[in-house]
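Read through the structure below, which is laid out as structure tokens, and then see the notes.
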Amino acid sequence: MKPLFKSLVSCAILAIASSPALQAEVRVTQDYDDQAGLTLFQMTVTPAPEPVPALRHRLQLRPIEYKPGNAATYYLRANAENGLSSTWKGLRDKYGDAIDDWYSHEVPLSELPIAELREAAAAFDYLVSSFIAPASERRDCDFGYNFSELRGGDVYALPLPEAQQSREICRLLALRTRLAIAEGRYDDAIDCMRMNYRLAQNVGQEPILVCGLVGVAEVGVTNSTVLELIAAAGSPNLYWALTELQNPLVDMRRATSYEMSMISRVFPILHDAETAEHTAREWARLITQEMATIEDFTNSMAGTRSLGKHFNNPELVRGLAATGLAMVAYPGAKHRLLAAGMDPERVERMPVGQVLAIDTAREYQRIADGTEKWWYLPYPLARHRMREAEQELLSKASLEAGLAPLLADMLMPAVRAGRNAQERIEWQLKAFQVIEALRMHAAETGSFPHSLDRIQLVPVPQNPVTDQPYLYRLIRGQTAVLELPFSDGMPGVAYRYELKLEATESP
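Counting from 323, one number per residue, gives the positions in the sequence shown under the numbering used here.
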């Protein structure tokens with residue numbers, strides 16, 4: 323880069339950054355070009371060189387900076403005596419539903435009432451400084467759910483108010499982030515984003531898919547503010563700050579393992595089926611009891627996860643016991659136990675209910691392991707196999723095949739959706755790194771490159787979903803287009819980023 327050009331760029335960026343009331347302009351169009359699920363982001367960005375030092379801006383604390391303590395305690399104190407909820411209620415009473423636009427990227431900052439936004443943000447000053455900021459600095463987070471100790475109906479009936487209340491914290495941090503960006507307080511904006519990412523991690527690390535999905539949603543909110551900062555005039559380059567983030571940011575593997583073990587916790591009859599000793603009548607009673615539990619289980623999940631097609635019909639569930647489950651499922655269950663090497667005389671002596679219970683426990687564990695194992699491979703290698711395993715299960719799910727495939731059918735769609743959600747946020751975050759690499763290249767050369775392989779200053783991330791380069795093109799030498807298309811395989815979701823380079827002139 324020529325020294326004169328580099329000096330002009332630096333002076334221009336400094337002049338822009340010192341201007342008051344800066345507006346980040348990200349124009350968002352949902353269902354762009356009549357394609358449901360395609361979101362277009364249109365941005366004008368300024369060149370941004372690599373920070374010095376490289377990690378001057380951080381979206382997470384260094385390990386040594388975390389302090390002992392439980393973050394959950396601070397989050398709960400923010401909600402004590404309805405402090406958080408009452409503050410939101412007061413603001414909604416004053417400003418109405420319009421306040422929901424203030425933390426959403428769908429309305430550009432330039433169209434928002436900054437004075438009112440400033441007043442709303444100030445209403446949370448005490449809660450942030452006393453509870454939310456300290457929570458983000460704690461090394462640990464444990465809401466005390468004790469999932470591993472739950473059994474029976476408690477497994478699926480446990481309320482999770484803390485996870486839902488965390489959404490209010492996420493929104494207030496997004497609101498404060500947007501105000502900081504609008505006022506040119508970029509360090510404050512980055513600090514708010516750091517707190518929001520930490521909130522998402524703290525909530526999402528709980529070993530249950532619901533919490534993981536809440537964490538993913540909170541990452542999505544924070545990602546929107548990251549994009550607005552990238553679009554803000556004279557904003558710092560976040561390439562290394564994004565690179566430093568934990569990957570995956572919300573790790574749902576523990577939740578998947580717990581979710582796939584849920585069946586044996588909900589249905590105690592499966593836990594010790596091979597060693598339990600009951601009369602034939604008692605086994606029959608236990609099996610009938612579990613049929614009622616299945617109905618309660620599926621009803622509890624209605625609306626929160628994708629139920630298997632075989633359990634969407636409550637009449638079928640209620641009629642399982644009455645339709646002669648033993649007559650339909652027993653022959654197949656007996657055959658599978660014999661094929662697995664169980665002593666034929668032992669099988670013949672067993673009550674029908676015990677044969678069904680042992681077969682269900684064994685088959686379910688086989689199916690669960692066959693699903694969980696794909697989580698331990700990179701997503702590009704695993705995604706098609708996960709879908710194939712689910713389709714195979716659905717094709718075999720019937721009463722003749724036993725209860726295990728039907729029970730697994732309830733959980734597998736939710737588990738695959740959880741994996742997709744986890745990977746979707748990494749798909750987006752890596753795209754942000756590409757954008758920052760483009761801004762870094764522009765700071766060095768004065769223009770966007772014609773292809774991503776022209777960028778030499780930093781490595782350009784691969785698309786984590788395809789393990790291939792992101793789709794990129796330069797239109798008429800001015801508009802850089804980065805595409806995350808439907809063909810990448812994220813169900814119902816695609817993104818397109820259109821970037822124009824703001825001219826940098828000498829002040």
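Yeah, the Cβ is synthetic: ideal placement off N, Cα and C, and Gly gets one too.
Candidates the options, of which the one nearest residue i by Cα
i, options, result
"Met872", "Thr597, Ile585 and Met613", "This structure does not reach residue 872, given that the chain is present from 323 up to 829, and the question cannot be answered."
"Ser583", "Thr565, Ala555 and Leu472", "Leu472"
"Lys752", "Gln568, Arg498, Pro481 and Cys492", "Gln568"
"Glu758", "Leu823, Leu383, Leu521 and Ser458", "Leu823"
"Gln487", "Arg818, Ala400 and Pro369", "Ala400"
"Thr366", "Arg761, Pro781 and Leu774", "Arg761"
"His593", "His379, Glu612 and His763", "Glu612"
"Ala457", "Ser470, His706 and Ile491", "Ile491"
"Leu431", "Asp422, Ile503 and Arg378", "Ile503"
"Ile454", "Pro483, Leu398 and Ala614", "Leu398"
"Gly556", "Asp810, Ala765 and Arg798", "Ala765"
"Ala736", "Val348, Leu571 and Tyr580", "Tyr580"
"Ala479", "Asp731, Thr615 and Gln784", "Thr615"
"Gly466", "Asn785, Pro529, Asp447 and Met664", "Pro529"
"Val541", "Pro673, Gln687 and Leu381", "Leu381"
"Thr801", "Ser773, Cys514 and Asp423", "Ser773"
"Asp789", "Ala704, Tyr652, Glu820 and Ala661", "Ala704"
"Gln676", "Glu484, Pro375 and Thr597", "Thr597"
"Asn518", "Leu501, Arg489, Val532 and Tyr508", "Arg489"
"Glu820", "Asp422, Tyr794 and Val532", "Tyr794"
"Leu264", "Ile436, Val450, Asp353 and Ala661", "Nothing about residue 264 can be read from this structure; the chain reaches only from 323 to 829."
"Pro311", "Val674, Lys656 and Ala370", "The question about residue 311 has no answer here: the residues shown for the chain are numbered 323 through 829."
"Ser407", "Pro375, Ile436, Ala420 and Pro483", "Pro483"
"Tyr554", "Gln364, Pro702 and His706", "Residue identity differs from the one stated: residue 554 is Ala in this sequence, not Tyr. Ranking Gln364, Pro702 and His706 by Cα distance to Ala554 puts Gln364 first."
"Val674", "Phe808, Pro791, Thr610 and Gln687", "Thr610"
"Arg516", "Pro481, Gln713 and Leu383", "Leu383"
"Asp810", "Tyr792, Gly475, Gln523 and His763", "Tyr792"
"Tyr417", "Gly405, Glu403 and Leu434", "Leu434"
"Asp691", "His706, Glu712 and Val803", "Glu712"
According to DSSP, residues forming a beta bridge with residue i
i, result
"Met365", "Val348 and Leu821"
"Arg460", "Lys389"
"Glu805", "Leu793 and Arg818"
"Asn785", "Gln790"
"Leu360", "Ala816"
Neighbourhood of residue i by C-beta distance below 7 angstroms, restricted to the same chain and skipping five residues each side
i, result
"Ala723", "Gly654"
"Gly814", "Gly359"
"Gln352", "Thr361"
"Phe469", "Pro529, Ile530 and Tyr580"
"Thr565", "Gln755"
"Phe589", "Glu612 and Thr615"
"Cys514", "Leu495, Arg498, Thr499 and Ala502"
"Ile421", "Leu413, Arg414 and Ala442"
"Asp509", "none"
"Pro390", "Arg461"
Spatial neighbours of residue i in its chain, beta-carbon cut-off 8 angstroms, leaving aside the 5 residues before and after
i, result
"Met812", "Asn742, Glu745, Arg746, Trp749, Val787 and Leu806"
"Asp464", "Asn392 and Ala394"
"Arg709", "Arg738"
"Asn545", "Ile747, Gln750, Leu751 and Phe754"
"Glu599", "none"
"Ala445", "Thr409, Gly412 and Leu413"
Other residues of its chain near residue i: CB distance less than 6 angstroms, five sequence neighbours each side excluded
i, result
"Ala496", "Tyr425, Val543 and Thr547"
"Arg587", "Arg473 and Val477"
"Leu725", "Thr682"
"Ala595", "Ala679, Ile680 and Ala683"
"Arg818", "Leu362 and Glu805"
"Leu608", "Ile591"
"Gly799", "none"
"Arg493", "Tyr425"
Taking contact to mean at least 3 C-beta pairs separated by less than 8 angstroms, is the region 403-421 in contact with the region 437-456? Touching, yes, given that three or more Cβ pairs across the two stretches are closer than 8 angstroms.
For the region 427-435 against the region 547-557, are there 3 or more C-beta pairs whose distance is under 8 angstroms? With the cut-off at 8 angstroms, the region 427-435 and the region 547-557 touch.
Does the region 594-608 touch the region 556-571, meaning 3 or more C-beta pairs lie closer than 8 angstroms? No, the region 556-571 is not in contact with the region 594-608.
Which runs of the alpha helix (DSSP H) spanning at least 4 residues fall entirely within the region 368-431, listed in chain order? 393-401, 405-417 and 421-424
Complete runs of the beta strand (DSSP E) confined to the region 504-573 [at least 3 residues]: none
Enumerate, from N- to C-terminal direction, the unbroken beta strand (DSSP E) stretches of 3 or more residues contained entirely within the region 657-727. none
For the structure I just gave you, are there three or more beta carbon pairs, one from the region 779-793 and one from the region 571-579, closer than 8 angstroms? no
Restricting to runs no shorter than 3 residues, where is the beta strand (DSSP E) found entirely within the region 436-486? 460-462
Of all the beta strand (DSSP E) runs that stay within the bounds of the region 573-600, which reach a length of 3 or more residues? Segments of the beta strand (DSSP E) lying fully in the region 573-600: there are none.
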